[in-house]
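Everything on this sheet refers to the single structure shown next.
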Amino acid sequence: MEDLYEVAVAQLDCSRATFSGFRVGAALLSGGQIFPGCNVENSSYGLTLCAERSAVMHWASAGSPGIPEAIAVVARNSHGEVVTAMPCGACRQVLSDLPDSRKLQIYTGEGDGITMTLLEELLPHAFGPADLDTGGGTE
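Reading the sequence shown from the start, the letters are residues 0 to 138 in numbering that gives the first Met the number 0.
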């Protein structure tokens, strides 16, 4: 998972944290490919896109290859310090709609303090495609 983490770290420099200075990078592993993402802030704060959702949209725009296995998330605060940041509620919900999402591994932290958490631990009773009786989850 070191490569995945390094891609997420590289995304910190792509982040557009114009207002908060809080940069977030993410990298989603699926089908042997890594899909990077970064946060993009907007003056209308509700339109800000988080790094995790950016990575998911990158994966989707590439044709949704494979089943997502893991996502690495890393953040840098306005003081330039790398800090641990877990996906927000909106990102957890978007991640929960991915195929086989209960097994999705989320890597956070920095240096020797990188930890792995399963999405089902962060969002144990997720509302998802099965609740809508769509029979889907990939479209």
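Ideal Cβ positions, reconstructed from N, Cα and C, are used throughout, including at glycine.
These numbers were taken from a predicted model, which means no experiment stands behind them.
Distances from the alpha-carbon of Ser-14 to those of Asp-96, Gly-36, Cys-90 put Gly-36 closest.
Considering only Val-55, Val-23, Ser-42, Asp-132, the residue with the shortest C-alpha distance to Ile-33 is Val-55. For Tyr-106, the beta-bridge partners assigned by DSSP are Ala-71, Met-115. Taking the Cα of Val-82 as reference, the smallest distance to any Cα among Pro-128, Leu-11, Ala-59, Gly-31 is reached at Leu-11. As computed with DSSP, Cys-37 is found in a beta bridge with Gly-24.
For the 8 Å CB-CB criterion, Gly-20 and Val-8 do not form a contact.
Only residues of its own chain outside the window of five on either side were considered, and among them Phe-18 have a CB closer than 8 Å to the CB of Tyr-44, listed in chain order.
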